[in-house]
Amino acid sequence: MNHLRRTLLVIGLCFVAIDPCPAQVPDADRLDWPAVGGDDSLFPPVIHPTPSLPLTGPVVDLAALSLPDPFDLTIEADLVTVTDLFSGVAVRLSFGFAPVATVPSPSTGTTTGIAFDVASSRYFWIDATADLLIATDSGGVVDTVLPVGAPSGGVIGGLTFDATNSTLWAVDVQGDLLFEIDPITGVATGRSQTMPGATSKHGALGLGVAARDSDGALFAPAGSLAEGGPVRLCTFDPAGPCSGASATSPLTDGPGTGLADLDRAVRGVAWHPSFTTSSPTLLAIGGSTRTIYALDVSNLECSFPPPCDLSCTVTSAGVVELAWMSRVIDDLVEIVRDGAVVGVAGPATTTFVDSVPPGQVVEYELRAQIGGDTCLGPRCRVRVPSDLQLSVTLSGGTPYGVTVVESIDEVWVVELDGGVTHRFARDLTPIGSFPSPTGTSRTTGVAYRESTDTVYWIDATNTLLLETSTAGNLLSTVPLELPGEGVPGGLALTCDASALILVDIEDDAYSAIGFDGAALDPEAIFLDPEDMENAGSFGNGVARMPGGDGYVISIGCTPQPSRGPVRLVRTDCAGGLTDTEFELGPDAIVDDAFTTGIAVSAVPLAGSIDPTLYIVGQAECRLFAFPIASAPGCTPPSDLSCTIVGSNVELSWTNPESYANVTVTRNCVDLDTEPGTTESYVDTSPLSGSNWYTVSFECTNGSVVETSCHLCYDVDSDDAILDKDDRRNGDVDSTEALKQALEANGRSVAVYEDISGKDISGYDSLWITLGTYPANNRLTASEGQKVADFLALGKPVYIEGAEVWGFDPPTALFDLDGVDGRSSDGNPIDDGDDTFVGMVGSSGGALDLTGFDAAYTQDQAGDDSTDRLVPTGTAFALDVPGEGAVEVWLDDGSGGATTPYATGIAYAPLGGSGRVIAVSWEFGGYGGDRVALAARYLDFFGLRPVPFIRGDFTADGAVDIGDAVALLGYLFLGSSTACAKAGDIGDDGLVNIGDAIALLDFLFAGGPAPAPPHPTCGPDGAPDLLPCTAFPPCP
C-alpha cells in the first residue's frame, strides 16, 4: 500500500501547503473544456445562467474539533458527520455545525469515505489502507467488512449512499471515475461515470461525491490541484441516457462569497434538499483551512434536463455538423458559436449544420429553452482546416523543388533529373519552361533571394551551389559543403535571410549554409525530425515564412516503401516546433504518397487573406497551392534540458510566453499535466535505457507545440546497444528484439541512439544495430573509432547492418571486425542483392551455430540488399589482431542465389582485441529461437550467466538438508561458495536467515519451492549482484 500512502500524503500536503488566495471570477467564454471522444469534441459541460453558489449557513473550522485532516462527510437526518483522513474518527455536528457526538473509527487504516443510509441507520466507511468497505451501526459498531477496490486499482476517495437505487457511489481517484458499489457484496456494479478532464490530460482529481435523494443524480467536485483551480461542481445522471456530466459550474464567484479556498481543492461533499434554508444545499469540505462550506445549489437545478452528448464534426471544407441528444422536447435550442447565436433548432430537432470560414478554431455551445427557462447545454470545439484552393498537373520529368520568384510573380518547379524548370503564375497558370542551370544533374533544391533578386540551385550530383538571375542566367557556381554526410535536398532562406537552410535528405537534418556554399556550423542542426513523435525519415522540403516568421517543413509519417502521408509542421526560427497539428486540409494532399519541395509567399491567393503555400506532390505529379495562417499558435521554450540527478531525471525550461497547460511524456506515454506556468518536472521513476522526453505546451488558442530531449538512464547495465536502426521505416525492430533476447538470458541492457558523449568502457559488451537501406544509418568516423577503442579493451562487439561492409564509409572498426578489408581498402565486400530469405548456421570454432537454421524476415521486403561477407585475410591483408575469423552464417539458397555466400562472421583473434560477431542481416528478422541464439552469442563472448539450481547450495545436483546446513554455515561461520545465487531462495537479490528458514520450510513443512531456476538448471531470471562463477551440476 505504499502507493496509497504516497498518494494520500501528496493530497494531504497539497491541502496544507496551499495558501488561501482571493476567489476569482472565471471567464465563461475562455473556460478550457476538456476534450473527449476525439480531437473535434470537448467534454459537454453546462454553465448555468447564474453560476454563483452563495453561502447559505455558517462555516466551521474543523481543526478545532479534533479533525486535523477532514476528508469526507455525510448527512443523517439533522446531523452532519465528518470523518478524519488518518485517524478515521468521525464527529457529528448539528446543522449549525455545533459538535454533538464522536463516532469511533471502525478500523486503524486511512479513512477516505463515509456515507449514511437513513433507511437502515448504518454508516459505510472506506478503509483505503486495507481496501475495505466497512458497515457499522450509527454508534460505530462493526456490522460487515468487505473487500473493495477501485476499477483502476488505485485509491478510493469519497463515498455517498444513493437512496434512489440503494447503492453506494465512490470516486476512483487515479482512474478519474465515479463508480457504483453494491453495499451488500462490496463489488462494483459496472456502472460508472467519467470525471470531466480525465481524457484531456487536465486531471479530474475528484475526491468527493454526493447523491441527490429525489432522483439519484450525483454531485462531484472536479478539477486539478496542479491546475490551481477553479474546481467545478459537476452533476451526473447515472441512470439516464447521457454519459458524463450534464451540468457543471465553478464553485467560486468572486470576493465576498467566503469561497476563497474552494478554488484550489474540494474534498468530501454531501447534498441536502433544504438544510437550514428551503434551498437545495451542498456541503463541501474545502481547502487549506479545513472548513465546511454550505452552498446554495438551487441554481444548478434546471427545471428540465439540458441537452447532452454533443458532437461537432467537420465534414467538408468549412462545414461543421452538430448533433446532440435531447432528453425532453425543448421549445428551441440556440446554437452559439464563439459567443454569438448562429442558428436555432426547433422542437425535437437534434442536428444543425454550420458554415465556417476555413482555417480557424471555433467553439459551440447549446442553450435550450422551455417556457421562460433556459438551461445551458454542452460545448465542443473544432478546428476547421484550410481548404485546397488550386492544383495543376505537372508534365515532363520527376518534379522536385519549388520556389516563388516574387519580383516577377512566378512559381518555378524544377525537375529532379530532367534538366527543365517549369514556370507558373501565382494562380498556377502555366507560363512556360527553360533549361535548368544544373543541366541533367540531379537538382534537389531551389530558393529565391529577394535582396539580390537571384535564385540559388543545388546540383546534388556534383555537390555544387549555383546562383542565377531571375531570367535563368548563371551568375556563379561554388562547391557545396554538406553539414552532414547525406544527400543535399530542399533549400530555403533562413529567417533573417542571411543564409540558406539545406535539407539533408538521407540524414533527416536541416542545417544552415552560407551563400558561398560553406557550412556555417556542421554541428548546428537546427531541426531533426527524428526528435518528433511519429516523424518519418524522409524530410524533403523546407520553406521560410514571410517576414522571417519561422519555417514550414515536410516530414514523412509512415514507414517506407509507402512513404506517406507527409505531415507539415511549423517551427520557430531556432527550429523549435510551434504547431505540430498544422493542417492543410483535404485528402488531395494527404493521399499524395510523397511530397517534396515547398515554398511560401506572402501574396495571398484570390479570395484569401493569408500567405500561400506551394507544395510539389511527386507521386501524383501535381503542384498544389493552399492558404496558410501567417502566425503560429505559440512558441515553445528553446532551452529544454534533461539531466540525471541521483536516481531522478530532472527536466527544466524557461517559458517565453503563457500556456494553458504543460504535458510531459516519456517515450510517447503521458507522465503528468501541469499548469501552464510550470517550468520544471522531476521523473522520480525513470526507465533504464534510452528515453525521449517530450514537453507539450497547449497554446491559449487550443493548438499544441512541443519540444523534446533525449537521454539514456542507465542503472548499472551489463551491456549496451547502439541503436541506429531506423525501424520506423522498416518491417523489423531489431533493437527491441535483441534487447529482449539479452534480457531473457539474464543480462541488463542500456540502449543508446548516440554514444558520442558517453563513456562505454564500463560495459561488458557492445551491440550495434544499423538497419537495412533505406531504413539504416552508418557509423560515423568518430563512432567507428570509439568501437575500435572498446575492442582494444578486450571487450566483445556484435554489429549488424545490411550495408556496413559493402557500401558504408570505412571506419577504424574495419581493421578489427574480422571481415575482409581494412579501412584503407575501401569497400571490398559485395553489396549483395535481395536473395537472402533463409540461413544455415555452421560451426565457427568457438561459435557453433549448427542447428540454428531458420527463415529470415526481410526489413525491406523485396528490396533488401544483404552484404556478402568474407573472413579477413581472404583477398586483403589480415585485420590488425590477426587470424581467427570464420563464416558462421550462410545463405540457404531459398531466395534463388546460385552461388553460396556468407552473411555472418565470428572473429576470435588470438591477440588481446575483443571478439566480434559481424552479421549483414537484422537479428529481429531471425525466424528461429532468438533467446537461444543470443545465449550462443553470449557464450562466444564469455558472458552467458552461469546456470544453477536455486536451493542446491552445495552444488551436488540435489536439494536436501545438507544445503540448509551449508547455507547456515555461509551465513554464520564464514563458509565460502562459488554460487551465492543458489542460496537466494526468495530471489530478492539477498542471502540471509530468511532464505535458510524458507529452504527448511520447503524441505520439511510443505512450504513454497525456491524461485526459478528450480528444480532444473537455468539462469537467474532477475539479475542481481550475487556472484555465481561456477556450478558443476549444470552444463
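According to this note's numbering, the sequence shown is numbered sequentially starting from 12.
Where a beta carbon is used, it is the ideal one built from N, C-alpha and C, also for glycine.
Since the structure is predicted, the reported quantities are computational estimates derived from the model, not experimental observations.
- Around the beta carbon of PRO1019, a 10 Å sphere encloses fewer than 16 other beta carbons of the protein chains shown; the residue is thus reported as exposed.
- The beta carbon of GLY151 sits closer than 8 Å to the beta carbons of ALA101, VAL114, PRO115, SER116, PRO117, TYR134 from its chain, once the five residues preceding and following it are set aside; these are given in chain order.
- In the three-state reduction of the DSSP assignment, ALA1007 falls in the helix class.
- Spatial neighbours of VAL347 in its own chain (CB-CB distance under 8 Å, excluding positions within 5 residues in sequence) are listed in chain order as VAL353, TYR375, GLU376, LEU377, ARG378.
- Going by C-alpha positions, TRP335 is about 11 Å away from VAL344.
- Straight across, the Cα-Cα distance linking PRO446 with LYS735 is about 40 Å.
- By the Cβ test, the region 906–924 is not in contact with the region 757–771, since fewer than three Cβ pairs between them sit closer than 8 Å.
- Taking GLN380 as the centre and dropping the five residues before and after it, the same chain places the C-beta of ASP341, ASP342, LEU343 closer than 7 Å to its C-beta, in chain order.
- For ASP80, the CB contacts under 7 Å within the same chain, skipping 5 residues up- and downstream, are GLY23, ASP95, LEU96, PHE97 in chain order.
- With respect to GLY862, GLY852 sits close: the two C-beta atoms are nearer than 8 Å.
- By the neighbour-count criterion, in which 16 or more other beta carbons inside 10 Å mark a residue as buried, PRO291 falls on the buried side.
- Under DSSP, SER612 shares a beta bridge with THR623.
- Between the region 894–901 and the region 967–978, the count of C-beta pairs closer than 8 Å stays below three; the two stretches do not touch.
- In the three-state DSSP reduction, TYR692 falls in the strand class (E or B).
- According to the DSSP assignment, ALA943 belongs to the alpha helix (DSSP H) that extends over 941–952.
- Around the beta carbon of PRO318, a 10 Å sphere encloses 16 or more other beta carbons of the protein chains shown; the residue is thus reported as buried.
- In its chain, beyond the 5 residues on either side, ASP428, GLY430 have a beta carbon closer than 7 Å to the beta carbon of THR451.
- ALA866 and GLY628 have their alpha carbons spaced roughly 38 Å apart.
- For GLY456, the enclosing beta strand (DSSP E) stretches over residues 454–460.
- For the 8 Å CB-CB criterion, LEU511 and LEU502 form a contact.
- Counting the other CB atoms within 10 Å of its CB gives ASP974 a total of 16 or more, which places it among the buried residues.
- Residue environment for ILE303: buried (at least 16 other C-beta atoms within 10 angstroms of its C-beta).
- The beta carbon of ASP730 sits closer than 8 Å to the beta carbons of LEU753, ARG758, SER759, VAL760, ALA761, TYR774, ASP775, SER776, LEU777, TRP778, LEU954 from its chain, once the five residues preceding and following it are set aside; these are given in chain order.
- When beta bridges are read from the DSSP output, GLU421 appears opposite VAL416, ALA436.
- With a cutoff of 8 Å on beta-carbon distance, GLY201 and VAL182 are scored as not near each other.
- Between VAL156 and the set LEU144, GLY165, ALA792, PRO441, the nearest pair of CA atoms involves LEU144.
- With contact defined as three or more Cβ pairs closer than 8 Å, the region 837–849 and the region 805–824 are in contact.
- Of the candidates SER327, ASP193, THR988, LEU733, THR988 places its Cα closest to the Cα of ALA966.
- About 15 Å separates the beta carbon of ASP83 from that of THR140, a gap too long to meet the 8 Å contact definition.
- Per DSSP, reduced to three states, the secondary structure at GLN204 is strand.
- Around the beta carbon of GLU668, fewer than 16 other beta carbons lie within 10 angstroms, which makes this residue exposed.
- In the DSSP annotation of this structure, the continuous segment of the alpha helix (DSSP H) that includes PHE983 starts and ends at 972–983.
- Ranked by Cα distance from VAL159, the options ALA199, SER728, LYS769 are led by ALA199.
- Annotated three-state conformation of ALA865 is strand, per DSSP.
- When DSSP states are grouped into helix, strand and coil, ALA913 belongs to the strand group.
- Counting the other CB atoms within 10 Å of its CB gives GLU717 a total of 16 or more, which places it among the buried residues.
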